[in-house]
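Protein sequences, first through last, are from chains B and Z.
Just so we're aligned: the first sequence equals residues -13 to 783 in our numbering.
Just so we're aligned: the second sequence equals residues 574 to 724 in our numbering.
Glycine residues also receive a C-beta, built at the ideal position from the N, C-alpha and C atoms.
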Amino acid sequence: MTAKAMISIVAAAGTFLGIGVGACRRAEPMPVIGEVPAFVLEEQTQQPVDLADLRGGLWVAAWLPDPCTGPCATVVDRMATLAKDVAATPAFKAVKLVSFGTGRGPDRTGWMLLTGTPDVVLPLARGMHMAGEGSSFAVVDRQGRVRRTVDGLAPDWQPQIRAALEQLNEEPATDVFVPASVREPAWLAARAKAQIASAVQLAAGHDFHFTDRIGASGITFRLQASTDVGRFYTANHYDHGAGVAVADIDGDGRLDLFFANQAGASALYRNLGGGRFEDVTERSGVRITGRACTGVAFADIDNDGDADLYVSCVRAGNLLFRNDGHGGFTDITKDAGVGGSGTHSSGAVFFDYDGDGLLDLFVTNVGRYTRDEQWPDGLYASVRDAFAGHLHPDRSETSLLFHNLGHDRFEDVTQKSGLVHTAWSGDATALDADGDGRPDLYVLSMQGHDEFWRNAGGGRFEKRSREVFPATPWGAMGVEVLDWNGDGRPDLYVTDMHTDMSSDLKPEEETRKHDPKTFFPFAFLGTDGRHVLGNALFTNTGPLTFVEESDKAGVETGWPWGPSVGDLNADGWPDIFVAAGMNYPFRYRGNDVLLNDGGHRFVPAEYILGIEPRRRLVVPWMDLDCDADVKQDICQGEPAPLPSADARTAEQRGKTDARHGRITVWAARASRSAVVFDLDDDGDLDIVTNNYGDRPQVFISDLGQRGQVHFLKIKLVGRRSNRDGIGAVLVVRANGRSQTVVNDGKTGYLAQGVVPLYVGLGSAAQADAITVKWPSGRQQTVPGPIRSGTATTIREP
Amino acid sequence: MERGYLVVALLLPVMACGPELVVPLDNVNVRLIAQDRSWRASYVLATEAGRGVEVPTGREVHVPLGARVRLVLNSPDFISAFTVDDLDVRHFAAPELPTQVTVFADRVGRHELRGDEMCGRPHDAGARGWLVIDRPADYQQWVRTHAREAR
């Protein structure tokens, strides 16, 4: 018998002796060593795993450095022993074993092997108070708190762990409040099955898959909800979330990400290649805290060839950062004069309205939905009737138009231009709707009619709203310009979220327009009542002539925030990703993928492509101490939120007794903004989301790994026009067909970016020609053949 | 259908509920208050001496057949919708924004009145109630009872 085996026997004996003795005496409460830091890692199946996946049960963790030798190898052996022990102990049925590290990990089964980047793993090990060299275990309770660390090399390591688990097992379970109909909605499996079954009839290319690789990305950002929404649920505009935008900030050829945040810090991630990122927020000089931010826009304001950054915020002022070309940013807000006046700002749109070659800026202001009190995090508390704000003229705020004067200075020309827009607006987009070469503005209203501002030239805008768009959505959130039917004219897709709030839509009702009978009371609308009761797809049929075709095209979706457009299957037709859903206290709704079926219609494909369903549909939403938060409805025994999938009446569900102690309230996961781009430079389009009260998703497409993908990536360099050619219209001819692509920079809800234009070529191995109509008015044709797979830079002559 | 014009109430001394209350039979004012994800109703009455009196009735309110009923809607907290499908009534209440809607009680019956927080959390049981259109005699009896209880 070896000494090691002898130790094991002694330890095992000690285990049982220990338990016996322990059973005879009352153990002291086990102290809390610390909270497990938030993390996202990846299982060997490439599925992301975060702290919430482990909450609600006890778990034992080991940190395995890479390479795992010496003490680490011993810990691995002992982990295997522990796995057998746990499996053989009925009382430990719910206990999970977890190892995490930066390497692939041991080739073992029996526990959860998590891997991630050093940026994530090392702080996690430190935060869990685990000794260096991977020689210790941590025992974690149901609430994600480290309660004991155990020297993995100690002779009595196993009795120590067992004793800790037994004691923690005796602690009362945290009341985790997850309505079953939110956690596992009955409709979802049936919908997924039906959609997947329908794939055989789907003509649009769908033989590829997305995988959420957030766990391998190194991105630890989390969009932290405001106190009003995250803790004292009041319906207000904070729940509209924040944007995510993309640009190559340092000129290394890789596209980097900026996530706007609300109660937490915004974050800038540098793309390291291979799907990995590093947090460069601090060193880049763009750390923003203490203010709720919403919109984010990358744009080259000074035509120096790098992406500058504008971030819009709520009341605390907006920010403009100038890029030094190497990813270092300087706050030039004050001198530039674009900070605003403490309004409730939202989407920001850079466009060159006067054709002087400098990007001007339009900033939407929502309206006053906060009061003067501030929460400890610095955010202003919301009013309780925020969504009646449009009925109070004194709460409206005028959106802002800034003219770029050059030399990093802007002038507020809102009044001078005639573009005095006071609707409750969260976003906007530029498009040349009348074909006169000047960019007009379509400005959304989330509580009323959208407005169309025609660029009349000479720095003037004129409102032509109802003349051009007689009926618009009432609750518009996101907008994208795309030529969906291939006729060469830019169309408009508008998502309408607020209309979905006018009654409790059943899952099967999501793809239908809203019932006028249950729509908001007429008196509440504050309009003439002529609305599209849901998303709108305005097909451009000629100058200033649009036909609403959302139902015909199949683009009605449930609880949508913002669309992002990209040719996901590279077939030459633009597809749409719609970030969607709502959190507490609503039911789960997933994101949507609408594949363009040859310009005839769009077909839902989120389940076919692996975007949905999320592996876990709920997220811990708020921690409450019901002994202190006695006024909280849930502490007072409020029944579970009533999602429409729950067929029971409120009476049937009943009110529970008042709750006491600490509880965790869970809510449905939901997205807000997204950006579609080739994250890993493999020739296909990936998707990154910004999710409310949650971590992002990093959907990596495997289209490029499944076969030859034909595409172009086109970068524009303006000379007389603005340097990024924002406002240019490209026509790409390939295989006898022309695709029209508008370079408006809009990448999604609350976001603008600087991204090469991705043009799928379908089966064509080359493009025959590219014609560019520059904002300056010049037209340029680049003759073919232009080979697929090439990054093409087109410089304005 | 929403009928948002102001009705000037003509208080007719048809029946004294108690020694001095005036209860109109043709123009009836009802206050609906949405609060804490529930709602409650009260009659707005007056004494013969002209003193205003509010008679709470909980989540059920009766009105006489043939009356023009003015529902005055208030909410100190959230925005709430009020719906009586049978009578084609859909309106809302919001803080700092009192609203009203007029209903013509043209058929006897018991009609569900639903309140629901708009743009927010759905209401539960506390948001449902009844708007009952009675024959005048039944209405008088009902008001008499509630006025007595209110005292």
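Here Gly444 of chain B is not near Gly763 of chain B, since their CB atoms are 7 Å or more apart. In the DSSP assignment, Glu268 of chain B falls within the alpha helix (DSSP H) that extends over Thr267 to Ser270. In the displayed model, Ser167 of chain B falls within a helix according to three-state DSSP.
Excluding its 5 nearest sequence neighbours in each direction, Gly328 of chain B has C-beta neighbours in its own chain below 8 Å: Arg301, Ala302 and Gly303, listed in chain order. In the structure shown, Asp619 of chain B adopts coil according to DSSP, grouped into three states. Those residues of the region 496 to 509 of chain B placed with their C-beta closer than 9 Å to a C-beta in chain Z are Lys503, Thr504, Phe505, Phe506, Pro507, Phe508 and Ala509, ordered along the chain.
About 19 Å separates the beta carbon of Ser451 of chain B from that of Glu466 of chain B, a gap too long to meet the 8 Å contact definition.
Among the residues facing chain Z, Leu258 of chain B is not included, as its CB has no counterpart in that chain under 7 Å away. Per the Cβ contact rule, the region 758 to 774 of chain B is in contact with the region 710 to 720 of chain B (3 or more Cβ pairs under 8 Å). Note: Gly528 of chain B is bridge-paired with B:Thr531 in the DSSP secondary-structure output. DSSP places Thr319 of chain B within a helical segment (H, G or I) once states are collapsed to three.
Any Cβ of chain Z closer than 7 Å to the Cβ of Leu377 of chain B would place that residue at the interface, and such an atom is present. Judged by pairs of C-beta atoms under 8 Å, the region 343 to 354 of chain B does not touch the region 307 to 318 of chain B, as fewer than three such pairs exist. Within the same chain, and ignoring the five residues on either side of Glu383 of chain B in sequence, the residues whose Cβ sits closer than 8 Å to its Cβ are Thr329, His330, Asn351, Val352, Gly353, Arg354 and Thr408.
Look at the region 380 to 445 of chain B and you find these whole runs of beta strand (DSSP E), each 3 residues long or longer: 386 to 392, 395 to 398, 414 to 417, 426 to 429 and 437 to 443. With its beta carbon at least 7 Å from every one in chain B, Ala720 of chain Z lies outside the interface. Arg663 of chain Z has a beta carbon lying within less than 7 Å of a beta carbon in chain B.
For the 7 Å CB-CB criterion, Asp688 of chain B and Thr650 of chain B do not form a contact. Neighbours of Thr672 of chain Z in chain B, taken as residues whose beta carbon is under 7 Å from its own, are Ala509 in chain order.
At a cut-off of 7 Å between C-beta atoms, Pro668 of chain Z counts as an interface residue with respect to chain B. Taking Met483 of chain B as the centre and dropping the five residues before and after it, the same chain places the C-beta of Gly461, Met463, Trp545, Pro546 and Trp547 closer than 7 Å to its C-beta, in chain order. Beyond the five residues adjoining it in sequence on each side, Arg273 of chain B comes within less than 7 Å, by CB distance, of Ala251 and Thr267 in the same chain, given in chain order. When DSSP states are grouped into helix, strand and coil, Ile606 of chain Z belongs to the strand group.
Close to Ala374 of chain B, with beta-carbon spacing below 7 Å, are these residues of chain Z in chain order: Ile652, Ala667 and Leu670. Under the Cβ distance rule, Asp371 of chain B counts among the residues neighbouring chain Z, one pair being separated by less than 7 Å. For Arg721 of chain Z, DSSP records no beta bridge to any residue. Within 10 angstroms of the beta-carbon of Glu453 of chain B lie fewer than 16 other beta-carbons, which makes it exposed. In this structure, Z:His635 is the residue among Z:Arg610, Z:Asp609 and Z:His635 with its C-alpha nearest to the C-alpha of Ala678 of chain Z. DSSP places His312 of chain B outside both helix and strand once states are collapsed to three, so it counts as coil. For Ser749 of chain B, the number of other beta carbons within 10 angstroms of its own is below 16, and it is reported as exposed. Following the DSSP letters along the chain, one finds Met65 of chain B inside the alpha helix (DSSP H) bounded by residues Pro57 to Ala73. In this structure, DSSP gives Lys499 of chain B a state outside helix and strand, which the three-state scheme calls coil.
In the DSSP assignment, Glu690 of chain Z falls within the beta strand (DSSP E) that extends over Gly682 to Glu690.
Under the DSSP assignment, Asp670 of chain B falls outside any beta strand (DSSP E); it carries neither an H nor an E label. The three-state reading of DSSP puts Tyr712 of chain Z in helix, counting H, G and I together. Annotation for Leu594 of chain Z: Leu618, Thr620, Val626 and Ala720 place their beta carbon closer than 7 Å to its own, counting only its chain and skipping 5 residues before and after.
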